[in-house]
Structures are given as C-alpha cells and as structure tokens.
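> After the structure tokens below, expect a handful of questions from me.
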Amino acid sequence: MQPTPAMMADADFQKGLATRTQVMGEDFVAKAFAGMTEFTEPIQHYVTRNAWGDVWQRPGLDLKTRSLITVAFLTALGRQHELKGHVRGALTNGATVQEIQEVLLHASIYCGVPLAVDAFRSAAEVVDGPPKP
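No gaps in the numbering here: position 51 of the sequence shown is 61 in the numbering used here, and each next residue is one more.
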C-alpha cells in the first residue's frame, strides 16, 4: 500500500515523509508503506506526521543529535530492529562510527550490559555488514 490521498493532503505528513525519507532512506520508508494495511494505516500516518513531521522538525536539536539520542533510547528499550534502522539514519545524519560506539558504551552503564551487547551486535550488522556464516 502507498500513502493514501488523505495522508498526502496533510502538510505535516508531507513534511514528515520528507524527513523520514531523508534520515531513514527511500528503501526503509517504501518498505514501511508497502507493508501497510488498512489496519496499520493509522500508525503509519501517526508516526510519519507526529514523530517525523513534528518532533524531528523542531529547531532545538540537529538531526545528528536526534539520531544519537534515538540510538540510546532504542538501546535502552531493547528494540533491535528499530535500532538498526536508526544506526543507518545516524550515519546518514553525520554521526561517526566512533560516536555510535560511544553512545552504546555509555548505554551499557545506564541501561545495562546485556542491552548494550545486543545493541552493539545490531549496530555491527549495519556498520560491518551482516554476520558471516
């Protein structure tokens, strides 16, 4: 499914779609909408409009800082699938591999070593490529 005409008529959704695509990449966004159903449409609209079209648009933090904070939050929550996408986004937004390492190491102290180890594994799949058999 593609964004509906109602979604596309929403200016905040359009701003969010542009930022979401800029940060996460066209493939990631296309995959998110390709998997959208009538049931999941409201959450795709909500996330694109409110997260990407509002919060990510605010002037108080640059995109790189927002990305690094998001990497830390997703590490704390143990959300590995989302973390991989946001590690890619952080790199796109100018974060260095060393900065991502430091965020994950810092998270080990405040979020716990097991979560940080999992986060390092997920981030390594983005930085180093998929694990070799």
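Glycine residues also receive a C-beta, built at the ideal position from the N, C-alpha and C atoms.
Which runs of the alpha helix (DSSP H), 4 residues or longer, sit entirely within the region 72–123?
Listed in chain order, they are 73–87, 90–102 and 107–121.
> If we call anything under 7 Å between Cβ atoms a contact, is Arg59 one with Gly26?
Start at 1 with the first residue of the sequence shown, and residue 59 comes out as number 49. Start at 1 with the first residue of the sequence shown, and residue 26 comes out as number 16. Against a cut-off of 7 Å, the Cβ pair of Gly26 and Arg59 comes out as a contact.
> Taking Glu109 and Leu78 to be in contact with their CB atoms under 8 Å, please state how far apart those CB atoms are, rounded to whole angstroms.
Counted from its first residue, the sequence shown places residue 109 at position 99. Counted from its first residue, the sequence shown places residue 78 at position 68. Contact holds; Cβ gap of about 6 Å.
> Is the beta carbon of Val137 closer than 7 Å to that of Val107?
Working through the sequence shown from its first residue, we reach residue 107 at position 97. Working through the sequence shown from its first residue, we reach residue 137 at position 127. It is a contact, given that the beta carbons lie within the stated cut-off.
> Using a Cβ-Cβ cut-off of 6 Å (strictly less than) and excluding sequence neighbours within five positions of His116, which residues of its own chain qualify?
Reading the sequence shown from its first residue, position 106 is the one you call residue 116. Nothing meets the Cβ criterion.
> Taking 7 Å as the cut-off, decide whether the C-beta atoms of Leu2 and Leu84 are in contact.
Nothing about residue 2 can be read from this structure; the chain reaches only from 11 to 143.
> Got a sec, what are the start and stop residues for the alpha helix (DSSP H) Asp37 sits in?
Position 27 of the sequence shown holds residue 37. From DSSP, the alpha helix (DSSP H) with Asp37 extends over Glu36 to Ala44.
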